[in-house]
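J.: Got a structure for you, questions after.
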Amino acid sequence: MKRAAGFSLLEVLVVLAILGILLALGIPGYQRWITRTELDRAAGLVATEIQTTRSAARRGEVQTFQTTANGTSVTSRGVNITLPTAKTDAAVEVRFQPPFGTIQAPSGSASPTTPVNVIVRSTRDPNLFRTVSVVSLMGKVIVK
Numbered sequence: 019m020k021r022a023a024g025f026s027l028l029e030v031l032v033v034l035a036i037l038g039i040l041l042a043l044g045i046p047g048y049q050r051w052i053t054r055t056e057l058d059r060a061a062g063l064v065a066t067e068i069q070t071t072r073s074a075a076r077r078g079e080v081q082t083f084q085t086t087a088n089g090t091s092v093t094s095r096g097v098n099i100t101l102p103t104a105k106t107d108a109a110v111e112v113r114f115q116p117p118f119g120t121i122q123a124p125s126g127s128a129s130p131t132t133p134v135n136v137i138v139r140s141t142r143d144p145n146l147f148r149t150v151s152v153v154s155l156m157g158k159v160i161v162k
């Protein structure tokens with residue numbers, strides 16, 4: 019007599035139950051990881067645009083980087099760039115002047131102030147944020 023090959027219904031149900039438990043435990047951690055990764059990407063985009071704005075100023079014209087309060091985009095060199103799943107907390111303007119790409123003093127001020135902080139906050143989890151700081155007059159950018 020030949021024995022039937024395959025899995026019994028009970029074996030399949032046990033495997034499905036184990037998979038369901040593992041997925042229930044793993045999905046929240048995966049979603050947090052995705053949220054942090056998207057936030058890091060948005061903060062990196064802001065930092066890159068600040069550096070690109072400074073580089074453009076070194077080529078001969080005053081260049082501006084701007085954010086708006088609760089804005090989901092930044093303006094760099096006159097170009098509007100959308101932040102993926104993130105927003106900025108406050109309105110910030112950084113102007114770089116030629117020939118070295120140094121930070122220009124805000125109007126009405128005698129000297130530029132540093133650090134200039136841009137807070138990038140996740141739209142998925144408002145408690146998660148990164149701070150992009152321009153920490154020197156020469157435009158050094160740090161993401162915290």
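Position one of the sequence shown corresponds to residue 19 (the numbering used here), numbered consecutively onward.
A virtual CB, placed ideally from N, CA and C, is assigned to each residue, including glycine.
Would you identify the three-state DSSP class for Val32, choosing helix, strand or coil?
T.: Within the sequence shown, the letter at position 14 stands for residue 32. In the structure shown, Val32 sits in a helix (DSSP, three-state: H, G or I).
J.: So, using beta-carbon positions, are Thr70 and Phe114 closer together than 8 Å?
T.: By 1-based counting over the sequence shown, the position of residue 70 is 52. By 1-based counting over the sequence shown, the position of residue 114 is 96. No, the pair does not count as a contact, with Cβ atoms beyond the cut-off.
J.: With which residues is Asn98 paired in a DSSP beta bridge?
T.: Stepping through the sequence shown from its first residue, residue 98 is reached at position 80. Per DSSP, Thr93.
J.: Cα separation between Thr82 and Leu43?
T.: The sequence position of residue 82 within the sequence shown is 64, counting from 1. The sequence position of residue 43 within the sequence shown is 25, counting from 1. Each residue's Cα considered, the two are about 46 Å apart.
J.: How is Gln49 classed by DSSP in three states: helix, strand or coil?
T.: Reading the sequence shown from its first residue, position 31 is the one you call residue 49. Reduced to three states, the DSSP call for Gln49 is helix.
J.: Mind checking whether the beta-carbon of Gly157 lies closer than 7 Å to any heavy atom of the ligand ZN?
T.: The ligand ZN is absent from the structure shown, which contains no ligands of any kind.
J.: Please list, in chain order, all residues of the same chain as Thr149 whose beta carbon is under 7 Å from its beta carbon, the five residues on each side excluded.
T.: Sequence index remark: in the sequence shown, residue 149 carries index 131 (1-based). Around Thr149: Asn135, Ile137 and Lys162.
J.: With which residues is Phe114 paired in a DSSP beta bridge?
T.: Numbered from 1 along the sequence shown, position 96 holds the residue referred to as residue 114. In DSSP, Phe114 forms a bridge with Gln81 and Ile121.
J.: Measuring alpha carbon to alpha carbon, tell me which of Ile36, Thr85 and Gln49 ends up nearest Asp143.
T.: Stepping through the sequence shown from its first residue, residue 143 is reached at position 125. Considering only alpha carbons, the answer is Gln49.
J.: Please confirm whether Val152 and Thr131 have their CB atoms less than 8 Å apart.
T.: In the sequence shown, counting from the first residue as 1, residue 152 sits at position 134. In the sequence shown, counting from the first residue as 1, residue 131 sits at position 113. The answer is no: Cβ separation not under 8 Å.
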